[in-house]
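Trainee: I'd like to ask you about the structure that follows.
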Amino acid sequence: MTERNGPGAAGGLSEASTCSEKANGEKQETPPEVHSGEVEEHPRGGSAPAPGGLAEAPDGGWGWVVLLATIVVLALTLAFPSCVGIFYTDLQNDFHASNSETSWVPSIMTSVLHAGGPFCSVLVERFGCRPTVMLGGVLSGLGMVASSFTQSINQLFVTAGVITGLGFCFSFQPAVTILGHYFVRRRAFANAMSSMGTALGLCTLPVLGNYLHSELGWRGSFLVLGAVLLNCCVCGAVMRPLRPAGRRGQPLMNHGPPPPEVKAKDEKKTGWAAALWRSLLAALSKHMAFDQFRSNARYRMYALGLTWMMLGFVVPLIYLVPYATANGMEQDRAALLLSILGVVNICVRPPIGVVFSMAWFKGRHVYVFASALLVNGLSNAICCIGPSFTVLLAYVIVYGLSMSLVGSLMFTVLMDVVEMSRFLSALGLLAVMESVTLLIGPPLAGVLVDRTGQYFHVFLACSAVVASAAVFIFVSFCLLDRKERNSAQLAQPSTLPEQGRTSISVAPGCQYSSVPTEGDKEKASANGADHITSV
């Protein structure tokens, strides 16, 4: 597959056709897309081979159940850190912490959610998507339950930040990955619908959290929310994986370790330390797409742009409720703003999925994504007009519309710029890069609030960061497209005939070939004799 799909090419279909061509020719190192037909359960969470040869991704059937489960998983994972702002003031008062210290809780949670990508890739390869999602549900639930018993802000960093964040990672990334294998032709629609899970979480979790906060306090709320997060285990149970035909006993994304005798031979030949170092490098190369970052310019530019974007993309969601309550707004109305944001996303994302599944948008997803990201960044400046409910409502609507486009196309663009067989490793490297800016973004905003005493400076800074990331992605892909067009024009051979010659196309079986006659044979013999005499 090339680095990108052209404007007129269908991204998912080109990937499927590429896999089919490779399967008909030489042996593949990476598994093909997915296969339809009957799926038999595998004891390690995989599935037995489908009968027959290659088949297209189901694009339906049990895939709709997997899509529904992915929506719920994204609602419980990606939207959860933004709802911690409801308990922001209570955490400050109980632990006597500053804004910057308290902001580390959602910051660490979000950062670990992304930084755990390589570990998640190892688990997915070893056990499959289903057990990994269920393990994530258990970890996130236990982390929130343990958080309700913490006695210091540092303990909360470990329980709510590290343990819960790691559980979110183990649930979120395998769910997105297996969805990409179930849908190819309808991939843009499936990704848009799954991203609606984040909107669903933003719509329901603030209302639930605010109700629990008023009835049980923040400790009781964390205890109940921990039980709610265990529903990720139920979602993981229905994510039945598919496997390619011809790889009997090896389910998709579940290859297992090499045989012990192979490891022993390698260690005898190269030594234990060298074998360990080589295995470590191979694992890093496999689960983090450094080769794609080095050779695929589109993936490199997209990863850098998203990394810079994450410095200010989620910060407004964390500080929206504190900003409103600090200026005299009631807690219920402030939490209602996040719910309205979720409602806007729920209403907008399904039509977005239908529209951007049209053939005209294939290869143009990144430009729509960058344009929506620019609007999203500039919308943060609306908060600087004033802290009234009307102004913040207008901000939430504009922010929600642009956020819907960004969330719907984020993974679709990534699937366009890398092969599906490398999607998990590309997502792993991208997640690690994003985790750095996600970790430092909210604390930097907290320092800004502590020093200035005003929240609107945070929204101004986020506006500049996100808008600049959008411009970077848009300009980078424009330049790459121009370079690719120029290279294609230079590579085309000249179609003009040479002077004095006529270009005639001759069919392969119609070329002239002379048939020697008796006279030709006698002439050839005479020439041969003359040649011998002269020598």
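Each residue of the sequence shown is one higher than the one before, counting from 1216 in this note's numbering.
Just so you know, even glycine gets a beta-carbon here, dropped at the ideal spot from N, CA and C.
All values derive from a computational prediction rather than experimental measurement.
1. Among Tyr1426, Asn1446, Pro1273 and Ala1375, whose alpha-carbon lies nearest the alpha-carbon of threonine 1317?
2. By the DSSP assignment, the alpha helix (DSSP H) with aspartate 1309 in it spans what residues?
3. Between leucine 1556 and valine 1621, which are expected to be in contact by the criterion C-beta below 8 Å, what is the C-beta distance as a whole number of angstroms?
4. Are the CB atoms of aspartate 1665 and proline 1322 within a distance shorter than 8 Å?
5. What is the rounded straight-line gap between the Cα of phenylalanine 1528 and the Cα of glycine 1435?
6. For leucine 1291 versus cysteine 1418, is the C-beta distance shorter than 8 Å?
7. Give a yes or no on whether the C-beta atoms belonging to serine 1315 and alanine 1504 are separated by under 8 Å.
8. Would you say the region 1381-1391 touches the region 1512-1520, given that touching needs at least three Cβ pairs under 8 Å?
9. Helix, strand or coil for aspartate 1506? Go by DSSP, reduced to three states.
10. Compute the distance between the beta-carbons of valine 1373 and tryptophan 1523, then report whether it is under 8 Å.
11. Take the Cβ of cysteine 1511 as the centre, count every other Cβ of all protein chains shown within 10 Å, and call the residue buried at 16 or more, exposed below.
12. Quick one: residues in its chain with C-beta nearer than 8 Å to the C-beta of tyrosine 1397, no 5 flanking neighbours on either side, listed in chain order?
13. Buried or exposed for glutamate 1430, going by 16 or more other Cβ atoms inside 10 Å?
14. For a test of the three-state rule: what should DSSP assign to alanine 1294, helix, strand or coil?
15. What whole-angstrom Cβ distance do alanine 1685 and alanine 1539 have, given they're in contact under 8 Å?
16. Quick check: the region 1437-1444 against the region 1351-1365, are at least 3 beta-carbon pairs closer than 8 Å?
17. Looking at cysteine 1298 and serine 1380, is the spacing between their C-beta atoms short of 8 Å?
18. Would you identify the three-state DSSP class for tyrosine 1534, choosing helix, strand or coil?
19. Within the continuous alpha helix (DSSP H) that includes aspartate 1274, where are the two ends?
20. Beta-carbon separation of leucine 1653 and serine 1326 under 8 Å?
21. By the three-class DSSP mapping on this structure, what secondary structure does valine 1399 have?
22. So what's leucine 1445 in DSSP terms, helix, strand or just coil?
23. With distances taken Cα to Cα, identify the nearest neighbour of glutamate 1340 among Ile1378, Val1320, Gln1370 and Ile1393.
24. Thinking C-alpha only, which one of Leu1371, Phe1385, Phe1364 and Phe1334 is nearest glycine 1351?
25. If we require 4 or more residues per run, which alpha helix (DSSP H) segments fall completely within the region 1634-1713?
26. Just tell me which of Ala1284, Thr1667, His1580 and Pro1537 has its CA closest to the CA of leucine 1628.
27. In the DSSP assignment, the alpha helix (DSSP H) including phenylalanine 1584 goes from what residue to what residue?
28. Quick check: the Cα distance between proline 1421 and valine 1320, rounded to an integer number of angstroms?
29. Please state whether DSSP places glutamate 1545 in a helix, a strand or coil.
30. Where asparagine 1595 and proline 1531 are concerned, what is the direct C-alpha to C-alpha distance, given to the nearest angstrom?
31. Please name the residue in Pro1602, Tyr1614, Arg1400 and Pro1657 whose C-alpha comes closest to that of leucine 1593.
Mentor: Taking the structure as given:
1. Ala1375
2. Residues 1303-1310.
3. So it is not a contact: roughly 13 Å between Cβ atoms.
4. Inspection of the sequence shows that residue 1322 is occupied by serine rather than by proline. No.
5. 30 Å
6. no
7. At a Cβ-Cβ threshold of 8 Å, serine 1315 and alanine 1504 do not count as neighbours.
8. no
9. helix
10. no
11. With the sequence shown as reference, residue 1511 is identified as asparagine, and cysteine is not the correct amino acid for it. Under the 10 Å beta carbon count, asparagine 1511 is surrounded by 16 or more other beta carbons and is classified as buried.
12. Val1249, Ala1272, Pro1273, Asp1274, Trp1277, Gly1278, Val1281, Leu1282, Ala1405 and Leu1457
13. Residue environment: glutamate 1430 is assigned as exposed (fewer than 16 neighbouring CB atoms within 10 Å of its CB, all protein chains considered).
14. coil
15. With a Cβ gap of about 26 Å, alanine 1685 and alanine 1539 do not count as contacting.
16. With the rule of 3 Cβ pairs closer than 8 Å, the region 1351-1365 counts as touching the region 1437-1444.
17. Residue 1380 is actually glycine in this sequence, not serine. It is not a contact, given that the beta carbons lie outside the stated cut-off.
18. helix
19. Per DSSP, aspartate 1274 belongs to no alpha helix (DSSP H) and is neither H nor E.
20. yes
21. coil
22. In this structure, DSSP gives leucine 1445 a state outside helix and strand, which the three-state scheme calls coil.
23. Ile1393
24. Of the listed residues, the one whose Cα sits closest to glycine 1351 is Phe1385.
25. 1638-1667 and 1671-1706
26. The amino acid occupying residue 1628 in the given sequence is valine; leucine does not appear at that position. Checking every option, the nearest Cα to that of valine 1628 belongs to His1580.
27. 1580-1594
28. 17 Å
29. coil
30. 8 Å
31. Tyr1614
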